[in-house]
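For reference, the structure is listed below as C-alpha cells.
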Amino acid sequence: MISDAMKEGFRREVAKYPADQKQSAVMACLAIVQKEFGHVSQASENEVAEFLGMPPIAVHEVTTFYNMYNQQPVGQFKLNVCTNLPCQLRDGETALDHLCQRLGVDEGGTTPDGLFTVQKAECLGACADAPVVLVNDRQMVSFMNEARIDELLAVLKSQAR
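Numbering (my numbering), first residue to last: 1390 to 1550.
Okay, structure coming up:
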C-alpha cells in the first residue's frame, strides 16, 4: 500500500529529528499518506506505525485527535464549519445548517457528486471573524453568513476538477 516514493518521503521527514526520536515525524508521515490517498486508513496507519517503530494505537491516536486527517474518503472540497462557542454565538450553527441545506447533506456527509464534505470543527482560532469555515484544511473564510456561503460554494464549484 505505501509506495517506495512515500517511504522516501517518510525517510526525509524522519531525518529532521534525532535518530532516537523518529516517532516525532508521525504527523508529517500521515500528511504524506493523506496527500497520496485522500485519507488515512487503518491499514496505512499500521504501515506508518511499523515504519516509525511505534504502536499502531499511538498512530491512530494522532489520526483521530486532529481533524485535518480524514479517516475516510472525503469530497474534493472539505468544509469544516466552526461551531465552538464564539462562532456559535455569532451564528456558526446557522452557517452549518445553511451549508448542509444548500448541499443537501447532513453534517459529516458528502455530496453524491463527491465535490463537498461538510463537517463540524472545534475552535479554528479565528473567533473575531466568526463564523468561520476552513476549506480543505488550508484556507480560512471568515464572516460566513448565508450570502457568503452561497458565494463560496459558487467559487468552489467553478474550481472543481
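Just so you know, even glycine gets a beta-carbon here, dropped at the ideal spot from N, CA and C.
query                                                                                                         : result
Cβ neighbours of VAL1429 in the same chain (closer than 7 Å, five flanking residues each side left out)       : LEU1419, VAL1422, GLN1423, THR1452, TYR1458, ASN1459, GLN1460
Segment contact flag, the stretch 1470 to 1481 with the stretch 1510 to 1529, C-beta cutoff 8 Å, min 3 pairs  : yes
LYS1405, buried or exposed, once every other Cβ within 10 Å from all chains shown has been counted against 16 : exposed
C-beta contact flag for GLU1436 and ALA1417 at 7 Å                                                            : no
Rounded separation between GLN1412 and PRO1444 - CA only                                                      : 10 Å
Option nearest VAL1463 by Cα separation, candidates GLU1482, SER1433, PRO1501                                 : PRO1501
DSSP-derived helix/strand/coil call for THR1506                                                               : strand
Residue span of the beta strand (DSSP E) that contains PHE1466, given as start and end                        : 1466 to 1471
Beta-bridge partners of LEU1523, as assigned by DSSP                                                          : ASN1469, MET1529
Closest Cα partner of GLU1535 within the set HIS1487, CYS1512, PHE1505, GLN1528                               : HIS1487
Pair within 7 Å by beta-carbon distance, LEU1492 and ALA1549                                                  : no
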